[in-house]
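Student: Residue numbers (our numbering), protein chains in the order written: chain E, 1 to 115; chain S, 1001 to 1113. Yeah, the Cβ is synthetic: ideal placement off N, Cα and C, and Gly gets one too. None of the values given here were measured: they were computed from a predicted structure. Okay, handing you the structure first.
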Amino acid sequence: EAGVAQSPRYKIIEKRQSVAFWCNPISGHATLYWYQQILGQGPKLLIQFQNNGVVDDSQLPKDRFSAERLKGVDSTLKIQPAKLEDSAVYLCASSSLGGQINEQYFGPGTRLTVT
Amino acid sequence: GENVEQHPSTLSVQEGDSAVIKCTYSDSASNYFPWYKQELGKGPQLIIDIRSNVGEKKDQRIAVTLNKTAKHFSLHITETQPEDSAVYFCAASRISGFQKLVFGTGTRLLVSP
């Protein structure tokens, strides 16, 4: 079974620029999560999708962050404009069903550096 | 909302020793507590989890204990090996509704040969 794929793996941008991350979940997984992991901290949930609908985006800084999951499969997370404090690893995870306890499978993450 | 605290932040042991990582949570409604292992350059991977109707769960060299009254849970690794070296995260969530994991700050475990 192929795991969660993310790209790019690394990205360096200047502040005020924009950036986009892509995630391809495990085939058949209905639930997709985006997490932000700042160095030395645990992952923090940014947004959760059930199929192509948003079920939780309470911690997403909506003035600069946006995410979409078209057709309930792949997802993109965008930051525009980026700030220095956005430097972090952005993790995508998927699980087979929402509303139940199912293991979340994480991708390798995208390491973003904002200079 | 839920808040999870994790200690220690770093832990160094000799190969063969035991390692214990402790977490506390604030939301008494939380009833699902997974533990994740994150190796360098990789995403977190679930290693064991426990639900609130169980006090202890074991899987080979790892075990998790839960004290709901005190709102804390712990990860125990016995007979540690160098390949156990990684960052370990605890997390908490409610089973009802959509699963929203709140993670601890992580423990860097170093097992020396």
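In this structure, how does DSSP classify residue 1056(S) when only helix, strand and coil are distinguished?
Tutor: Along the second sequence, read from residue 1 onward, the residue named residue 1056(S) stands at position 56. Strand.
Student: My guess is that residue 1077(S) and residue 1012(S) are in contact by the Cβ rule of under 8 Å, so how many angstroms apart are they, rounded?
Tutor: Residue 1077(S) sits at position 77 when you count from the first residue of the second sequence. Residue 1012(S) sits at position 12 when you count from the first residue of the second sequence. In fact, because the Cβ distance is near 13 Å, the residues do not count as touching under 8 Å.
Student: Leaving out the 5 sequence neighbours to the left and right, which residues in its chain are closer than 7 Å to residue 1029(S) when beta-carbon positions are compared?
Tutor: For this step, residue 1029(S) is matched to residue 29 along the second sequence. Taken in chain order, the residues that qualify are 1094.
Student: So is residue 1107(S) in contact with chain E if we call contact Cβ pairs under 8 Å?
Tutor: For the purposes of this step, residue 1107(S) is taken as residue 107 along the second sequence, with counting starting at 1. No - not a single Cβ of chain E is within 8 Å of the one on residue 1107(S).
Student: So, for residue 81(E): in the same chain, excluding its five sequence neighbours on each side, which residues have a beta-carbon less than 6 Å away from its beta-carbon?
Tutor: Here the question's residue 81(E) lines up with position 81 in the first sequence. 16, listed in sequence order.
Student: Give the residues of chain E in contact with residue 1081(S), contact being defined as C-beta atoms less than 9 Å apart.
Tutor: Position 81 of the second sequence, counting from 1, holds the residue named residue 1081(S). Within chain E, no residue comes near residue 1081(S); the closest Cβ sits about 23 Å away, beyond 9 Å.
Student: Once the 5 residues before and after residue 38(E) are set aside, which same chain residues still bring their CB inside 7 Å of it?
Tutor: Start at 1 with the first residue of the first sequence, and residue 38(E) comes out as number 38. 88.
Student: Could you give the distance in angstroms between the alpha-carbon of residue 1051(S) and the alpha-carbon of residue 44(E)?
Tutor: Here residue 1051(S) refers to the residue found at position 51 of the second sequence. Here residue 44(E) refers to the residue found at position 44 of the first sequence. Residue 1051(S) and residue 44(E): Cα-Cα distance of roughly 21 Å.
Student: Where do the ends of the beta strand (DSSP E) carrying residue 53(E) lie?
Tutor: If you number the first sequence from 1, residue 53(E) lands on position 53. Element bounds for residue 53(E): 53–56.
Student: Can you give the beta carbon distance from residue 8(E) to residue 110(E), rounded, assuming they're within the 8 Å contact cut?
Tutor: Taking the first sequence and counting its residues from 1, the one referred to as residue 8(E) is at position 8. Taking the first sequence and counting its residues from 1, the one referred to as residue 110(E) is at position 110. 6 Å between Cβ atoms; contact.
Student: Once you ignore the five residues that flank residue 86(E) on each side, which residues in its own chain have a CB closer than 7 Å to its CB?
Tutor: The sequence position of residue 86(E) within the first sequence is 86, counting from 1. Contacts found: 79, 112 and 114.
Student: Is residue 1084(S) buried or exposed, if buried means 16 or more other CB atoms sit within 10 Å of its CB?
Tutor: As a working note, residue 1084(S) is residue 84 in the second sequence. Residue 1084(S) is buried by the Cβ-count criterion.
Student: Can you give me the Cβ contacts of residue 1113(S) inside the same chain, cut-off strictly under 6 Å, excluding the 5 residues immediately before and after it?
Tutor: Counted from its first residue, the second sequence places residue 1113(S) at position 113. 1015 and 1082.
Student: So, for residue 108(E): in the same chain, excluding its five sequence neighbours on each side, which residues have a beta-carbon less than 7 Å away from its beta-carbon?
Tutor: For the purposes of this step, residue 108(E) is taken as the residue at position 108 of the first sequence. So the list reads 6 and 9, once near-sequence residues are dropped.
Student: Per DSSP, which residues does residue 1020(S) bridge with? Please list them.
Tutor: Counting from 1 along the second sequence, the entry for residue 1020(S) is found at position 20. In the DSSP output, where bridge partners are listed per residue, residue 1020(S) has 1076(S).
Student: If I'm right that residue 105(E) touches residue 3(E) with Cβ under 8 Å, what's the distance once you round it to whole angstroms?
Tutor: On the first sequence, residue 105(E) is found 105 positions in, with the first residue counted as 1. On the first sequence, residue 3(E) is found 3 positions in, with the first residue counted as 1. Correct: roughly 6 Å between the Cβ atoms.
Student: Below 9 Å on C-beta distance, what does residue 1055(S) contact in chain E?
Tutor: Here residue 1055(S) refers to the residue found at position 55 of the second sequence. Correct list: empty, because the minimum Cβ distance to chain E is about 18 Å.
Student: Hey, could you find the ends of the beta strand (DSSP E) residue 48(E) is sitting in?
Tutor: What you label residue 48(E) is simply residue 48 of the first sequence in a count that begins at 1. Start and end: 44–50.
Student: Since residue 56(E) meets chain S, which of its residues come closer than 8 Å, beta carbon to beta carbon?
Tutor: Position 56 of the first sequence, counting from 1, holds the residue named residue 56(E). Going along chain S in sequence order, the residues near residue 56(E) (Cβ under 8 Å) are 1098 and 1100.
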